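In my numbering, the protein residues as written are 39 to 350. Note that CB positions come from ideal geometry on N, CA and C, so glycine has one too. Computed from a prediction, not measured in an experiment: that's the story for all the values here.
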Amino acid sequence: EQAYRFKSRTSKTRRAYMTDMEHFTSWCSANGFTAVPAAPLTVQYYLAAFGDQTPGSGGLAISTLGRRLVAISHTHKLARYESPTTDMSVREVLRGIRREAAQQGYGKPHQATPLLTRDIKKIVTVLDKDLDRLIAKRDKALLLMEWSGAFRSGEMGTITYDNVLDTDEGLIITLPISKTDQVGVGVQIGIRPGANPATCPVTAYRDWISAAGIRSGAVLREVNRHSQVGVAGITARNINRIVRKLVMLIGLDPEKYSGHSCRAGIATQSVMSGVPQGVIMAHGRWKSERVFRRYVRLSEALQNSPVLAVGL
């Protein structure tokens, strides 16, 4: 039973839980505490030991501390122990760490700057000058597909040739499993052809698989400097690297961008273009309006500005 409960999580989540618990268990052993079952006071001491957000202090990011608490809670529940993380004192310590970090200007979550339509067009213009190289075709297909499909970077490497239905009306991509579909029911994402052939994600997809000779397996793969195409799907880490490389081509600061800039970008641009919120959320598979709002912070900040209305 416990094995099945553990496997109810994705492999990525299971690995994260294991890493988090290894850190907590190691700290408990070194400091004379019991990891499982842990007392609430033990968790409080653990948070205090790694709560300093000052750079170079050896502390853990607030998001990491939050994830550690989730792992500790999950492990205790699997072992049928009461979770120490539900104790109010533990929550108060974490809130204190957040408050102090905010006052000092630390611990603020990094949010990738969204890539807007104008940015995508500029990048594509640069890539189109180099389309005799296979890697440029891959980068163009990756950028346009991730952006237009509002994909998470971790999903891009899971797209397979057999799961892409190429029709006259566009692409229908089936994701067998995703962040919001943990049990693998499958979700379909539609990508319509663009009005401009140069920035059309459907055309970019077709050009890439034709040039790379892909007829099975992962659609988006690594390409080395000798134009040799790999077998495995591209990783989220490498997508981050590629996006940062691409934004540098048009003079943007790569530190402000990541693979997440595509998903944030299509959401932000859609709001700015007047697309109804329900349509955007359905396309991007956002189930929580609160989470969705974080993605469109830029467009809402501009829309809520009264400067134009007051005649400046």
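Where residue i falls: helix, strand or coil (DSSP)
i: I100; result: helix
i: L169; result: coil
i: T72; result: coil
i: V257; result: coil
i: T198; result: strand
i: T92; result: coil
i: W246; result: helix
i: E120; result: coil
i: R332; result: helix
i: V240; result: helix
i: K178; result: helix
i: K115; result: helix
i: F62; result: helix
i: Q266; result: coil
Counterpart residues of residue i in DSSP-defined beta bridges
i: T225; result: The question names Thr, but residue 225 is Val in the sequence shown. Per DSSP, L213.
i: G208; result: T205
i: G271; result: R259
Beta-carbon gap between residue i and residue j smaller than 7 Å
i: A179; j: Y243; result: yes
i: A99; j: G192; result: no
i: V257; j: I161; result: no
i: A73; j: F88; result: no
i: P25; j: G208; result: With the chain represented from 39 up to 350, any question about residue 25 goes unanswered, as that position is not in the structure.
i: L181; j: K175; result: no
i: C300; j: L153; result: yes
i: Y55; j: H112; result: yes
i: R259; j: I272; result: yes
i: A249; j: V267; result: no
i: H298; j: A68; result: no
i: A228; j: I210; result: As written in the sequence, residue 228 is Gly, which differs from the Ala given in the question. Yes, these two residues count as a Cβ contact at 7 Å.
i: P78; j: V128; result: yes
Within-7 Å CB hit, residue i to chain D
i: T163; result: In the structure shown, chain D cannot be found, because there is only a single protein chain.
Is the segment 285 to 295 close to the segment 306 to 313, with three or more CB pairs under 8 Å? no
Alpha helix (DSSP H) segments (min. 4 residues) lying fully within the segment 274 to 303: 274 to 287
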